[in-house]
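Report on the following structure.
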Amino acid sequence: SHIIPVITIDGPSASGKGTVAQMVAQKLAYHYLDSGALYRLVALVAIRSNTDCANESDIADIASHLNATFDGSSILLNGEDVSDAIRSEQCSKLASIIAGQPAVRAALLQRQCAFRQSPGLVTDGRDMGSAVFPDASLKIFLTASAEERARRRYKQLIEKGINANMQSILQDIYERDTRDSNRDISPLKQQVDTKLLDTTFLSIEEAVNEVLRLHNAACKN
Ligand code: CDP
Ligand code: CDP
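Here the UniProt record's numbering = 1-based position in the sequence shown + 2.
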């Protein structure tokens, strides 16, 4: 049977998942899904509509009616470019809170599966290999030390001209790692069928090449 290949890249915040996944997708001419953006979009709509995040059915309702488009590097919500808005500290935190709600995850599942299109898909998030694409052709757990990830996020924000504080970034990373790893549903955890890729001392290019090498090796089997 013909199965469309999927490369899943899961891991903690600012480990380089998005950057590496997009570059691998580009090299292979595969589609790309940023699953975290979906949770961030739900959070943004909740903030803007003053929806109580403790009200699970209202949040799940937002998730099922999300009118989002991924247009190259920008993310549109009802046609508005919200690529920067969804990266705010407030959105990051709320995304991680609502991501613990089973009804929200269920509401986003079909939407994520629909990205699996020929000739292939590269996707990044927390549960891409464990829950959304359990039959993926290659599963990576991409990580780096918390200090290195905070440095990367700090540099990324400063380069965008956004005011950033190293201490608060590190704290946000610890808080989100803890919440994402300890929730009951689809926690962030290295699964036995994933390949660990620690990029603490790797450049982006080296990480991309390692994923491509693992992909080529998986294809030969
Ligand atoms: O998607 P995720 O939050 O895991 O991370 P990202 O936004 O792709 O990467 C965070 C920052 O780290 C970006 O500015 C990357 O360019 C940078 N990075 C790096 O400096 N070295 C790596 N090996 C990987 C990413
Ligand atoms: O880029 P970064 O790793 O900081 O965050 P993200 O991948 O955009 O994800 C934002 C939040 O959404 C995470 O902290 C998770 O709580 C949640 N998320 C999830 O639960 N499952 C996914 N597949 C992707 C993101």
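Glycine included, every Cβ here is placed at the ideal spot set by N, Cα and C.
Residue range of the beta strand (DSSP E) that includes residue i
i, result
"Ile9", "Val8 to Asp12"
"Ser76", "Ser76 to Leu79"
"Ile126", "The sequence given here has Asp at residue 126, not Ile. Where Asp126 is concerned, the enclosing beta strand (DSSP E) stretches over Leu123 to Gly127."
"Thr21", "Looking at the DSSP string, Thr21 is not in any beta strand (DSSP E); the run it does join, the alpha helix (DSSP H), is Lys19 to Leu30."
"Lys197", "Lys197 to Asp200"
"Lys141", "Leu140 to Thr145"
Terminal residues of the alpha helix (DSSP H) in which residue i lies
i, result
"Gly38", "Ser37 to Arg50"
"Ile100", "Glu91 to Ile100"
"Ile64", "Glu58 to Ser66"
"Asp179", "Met168 to Asn184"
"Ile206", "Ile206 to Lys222"
"Ala70", "No alpha helix (DSSP H) holds Ala70; the beta strand (DSSP E) holding it covers Ala70 to Asp73."
"Pro104", "Pro104 to Cys115"
"Ala148", "Ala148 to Glu161"
Identity of the residue in the options nearest residue i by Cα
i, options, result
"Ala65", "Asp182, Gly74 and Arg107", "Arg107"
"Leu214", "Pro14, Gln92 and Tyr32", "Tyr32"
"Asp195", "Ala133, Thr21 and Met25", "Ala133"
"residue 1", "Leu140, Ala209, Ala152 and Ile187", "This structure leaves residue 1 out entirely; the chain is present only between 3 and 223."
"Glu177", "Gly122, Phe135, Gln92 and Ala56", "Gln92"
"Ala146", "Leu198, Gly131, Ser120 and Val210", "Leu198"
"Ile175", "Lys29, Lys95 and Val8", "Lys95"
"Ala87", "Glu58, Arg118, Glu212 and Leu46", "Leu46"
"Ser85", "Gly131, Lys162 and Asn223", "Lys162"
"Leu140", "Leu216, Gln119 and His67", "Leu216"
"Leu30", "Ser120, His67 and Asp179", "Ser120"
C-alpha gap between residue i and residue j, whole angstroms
i, j, result
"Ala16", "Ile5", "31 Å"
"Val44", "Ser205", "32 Å"
"residue 227", "Ala219", "This structure cannot settle anything about residue 227, because the visible part of the chain is limited to 3 through 223."
"Arg185", "Gly102", "6 Å"
"Leu144", "Tyr34", "16 Å"
"Thr53", "Asp63", "11 Å"
"Phe72", "Ser37", "11 Å"
"Tyr41", "Arg128", "11 Å"
"Gln24", "Val124", "7 Å"
"Asn69", "Leu79", "6 Å"
"Gly74", "Gly122", "16 Å"
"Ala48", "Leu110", "15 Å"
"Val26", "Val210", "6 Å"
"Ile142", "Cys221", "15 Å"
"Ile130", "Ala138", "The residue asked about is misnamed: residue 130 is Met in this sequence, not Ile. Each residue's alpha carbon lies about 9 Å from the other."
Test: residue i CB closer than 8 Å to a CB of chain D
i, result
"Phe72", "Of the protein chains in this structure there is only one, and it is not chain D."
Contacting residues, own chain, Cβ-Cβ under 7 Å from residue i (five flanking each side not counted)
i, result
"Asn83", "Before going on, a small fix: residue 83 reads as Asp here, not Asn. Result list for Asp83: Ser76, in chain order."
"residue 1", "Shown here, the chain extends from 3 to 223; a query on residue 1 therefore has no answer."
6 Å CB neighbourhood of residue i in its chain, flanking five on each side removed
i, result
"Ser183", "Pro189 and Leu190"
"Ser3", "The pLDDT assigned to Ser3 is 42, lower than 50, so where the model puts this residue is not dependable, and the model offers no usable value."
"Glu150", "Thr202"
"Lys19", "Ile11, Gly13, Asp126 and Leu144"
"Cys115", "none"
"Phe135", "Val8 and Thr10"
beta-carbon residue i near ligand 4 non-hydrogen atom, thresh 7 Å
i, result
"Asp179", "Ligands present in the displayed structure are limited to ligand 1 and ligand 2, and ligand 4 is not among them."
Chain-order list of residues whose beta-carbon lies under 8 Å from that of residue i (same chain, five-residue window excluded)
i, result
"Arg181", "Ser98, Ile99 and Gly102"
"Ile160", "Ala166"
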